[in-house]
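Okay, structure first, notes after.
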Amino acid sequence: GRSFNPPNRLGAATGIINQGGFVASLLLVVAIGLVLDWRTPGSSTAYSAESFRWAMSVQYVLWAVGIVQIWRYRRRTRAELLAEDPDARERWRDGLA
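So for the sequence shown, my numbering puts the first residue at 60; every next one is plus one.
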């Protein structure tokens, strides 16, 4: 992420991270629309509350993927930091790093 890139790459890292959020949002909007169309019979545009419940629940899938990725990369980053500096864990506990 942004915290672990060299200073000369910070702009690119920030841009890529921000684009990830925008792309995820756009994909979510498309997925919600597809589920709304799937749950609504025929070519009607009178969407029911049940159709909206199904469509909006698609967000939970994206949130779950995001949470898993945060957890995964956090573990990997902490392991790399501990490999470089075995005393880092004590500083983390003390709130120093």
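We treat Cβ as the ideally placed atom computed from N, Cα and C, and that holds for glycine.
According to DSSP, simplified to helix, strand and coil, what is residue i?
i: Tyr119; result: helix
i: Gly70; result: helix
i: Asp96; result: helix
i: Thr136; result: helix
i: Asn64; result: coil
i: Gly154; result: coil
i: Ala114; result: helix
i: Ala105; result: coil
Rounded to a whole number of angstroms, what is the C-alpha to C-alpha distance between residue i and residue j?
i: Ile91; j: Trp130; result: 26 Å
i: Val89; j: Ala138; result: 37 Å
i: Arg150; j: Arg135; result: 18 Å
i: Gln78; j: Phe111; result: 27 Å
i: Ala123; j: Ser116; result: 11 Å
i: Ala147; j: Val127; result: 24 Å
Among the options, which has the Cα closest to the Cα of residue i?
i: Thr99; options: Val127, Leu86 and Trp113; result: Trp113
i: Tyr106; options: Val124, Val94 and Val127; result: Val94
i: Tyr119; options: Ile75, Ser84 and Asp146; result: Ser84
i: Gly125; options: Val82, Gly70, Ala71 and Pro65; result: Val82
Since residue i and residue j should fall inside the 8 Å C-beta cutoff, what is the C-beta to C-beta distance between them, to a whole number of angstroms?
i: Leu87; j: Leu141; result: Their Cβ separation, rounded to whole angstroms, is 35 Å, which puts Leu87 and Leu141 out of contact at 8 Å.
Residues in its own chain within less than 7 Å of residue i by CB, not counting five upstream and five downstream?
i: Arg133; result: none
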